[in-house]
Every structure is written in structure tokens, then in C-alpha cells.
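Peer 1: Below: one structure in C-alpha cells.
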């Protein structure tokens, strides 16, 4: 790769990083391409040259985050361990050093065109839901028979949603201090009602 290609790649990475921070902190509708250009230290026309539109840049950010999440899920599946230990590990892998605000992305989808929404949902299906389904299917013998892996996946994501926010997002701090991730994941694995033996 020559120097020009290296500079282009570095510039695109800088734009994506700045856009991701702004989108995940402020939301799609509140972020302008001017803000992204300033944050990434490039001229605004360069954003349009590389990405075309703000929506395409947003999609590039979502795709990059989805790929990162898929890689994290795959790495958490390796090795042995109980369901509780693996869920705890996976929960931390997905939330520690996290740059995605899942609730913000879900909110932002309403501002996208139908075709873009379809691409986001496909990325989530391929990079988040399907890998999590496989993860929980690997523990089918430890799950209650009443629950399918997809149901467990969706419940797991609901539990994690409040923790899937960038660290610099102020509104998540109070909840996380009241209910630490380890405790939430323990409750996910064990439930909150007593078993017949405990009554």
C-alpha cells in the first residue's frame, strides 16, 4: 500500500471514529456533517466524497460496529465454562470498552429511509442476533425447555441494552451504579423467583 492509500485509509478511519462518537452520543438527527468534519479534522466535501450522504456514513458506522460486535461474540464462544460464566464473560466483552449506544441506534432507525433500515436490520441479524443465537444454542441443555435460543438472545439484549452505551454517555451512570453488570447477568442466568427446592 502506497502512502496515498495509507493516508486515505487513515482519513476514512478518523471520519468513522468521529462519526461514531457523535452519532452514539447525540443521535443521528442531531449530528450534522459539519460537526463530523470538524471532529475528524477534514473538510466537509471530503465526507461527501468518501461516503456520499450522512445516511451512508451512518450506515458505515453501524456496519463497522456490527462487525466488531460479531467478532467479540465469536471470541467469547471459545473455551469451556458454564452458562453463567460464559454469559458473564460475553456480557463484559460486549459492554466493556463499548462504543455503541444500542438504545440510540434503535431510536435513530426511525430517521432512516426504508432501504437503510433494512440494511441496519440485516447487519444486526447477521452480526448480532445470529451469533448470539448460536452462542445460546450451544447451551441448549442448560436452558429451560420453554425457551428457544432466539428468545434468550432477545432477553439477553434487553438486559444488556442499558450497558451498551459509550462510557462518556452521562445518562447510563446512575443505573449502572445501582445495578452492576455482574449482578444483572447473574439475575439473567438464575432468574429471580425461588425454585421449588428453595421454598
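In mature numbering (1 follows the signal peptide of the UniProt record, and there is no 0), the protein residues as written are -29 to -1, 1 to 170. All C-beta atoms in this analysis are idealised placements derived from N, C-alpha and C, irrespective of residue type, glycine included.
Measure the alpha-carbon distance for residue 113 versus residue 50 and round it to whole angstroms.
Peer 2: 17 Å
Peer 1: Have a look at residue 46 and residue -25 and give me their C-alpha separation to the nearest angstrom.
Peer 2: In a straight line, the C-alpha of residue 46 is about 30 Å away from that of residue -25.
Peer 1: Give the secondary structure of residue 102 by DSSP, where H, G and I count as helix, E and B as strand, and everything else as coil.
Peer 2: helix
Peer 1: If I follow the unbroken alpha helix (DSSP H) through residue -23, where does it start and stop?
Peer 2: -27 to -4
Peer 1: On a Cα-Cα basis, can you pick out the residue from 72, -28, 154 that is closest to residue -4?
Peer 2: 72
Peer 1: If you count every other CB in all the chains shown that lies within 10 Å of the CB of residue 59, and 16 or more means buried, which is it?
Peer 2: buried
Peer 1: Which same chain residues, not among the five before or five after residue 18, have their C-beta less than 7 Å away from its C-beta?
Peer 2: -15, 4, 7, 8, 28.
Peer 1: Tell whether a beta-carbon distance below 8 Å holds between residue 82 and residue -1.
Peer 2: yes
Peer 1: Taking a contact to mean a Cβ-Cβ separation below 8 Å, would you say residue 74 touches residue 132 in this structure?
Peer 2: yes
Peer 1: Suppose the cutoff is 7 Å on Cβ atoms and the five residues either side in sequence are ignored; what does the same chain contact list for residue -12 look like?
Peer 2: Around residue -12: 7, 10, 11.
Peer 1: So, residue 65 versus residue 43, is the Cβ gap smaller than 8 Å?
Peer 2: yes
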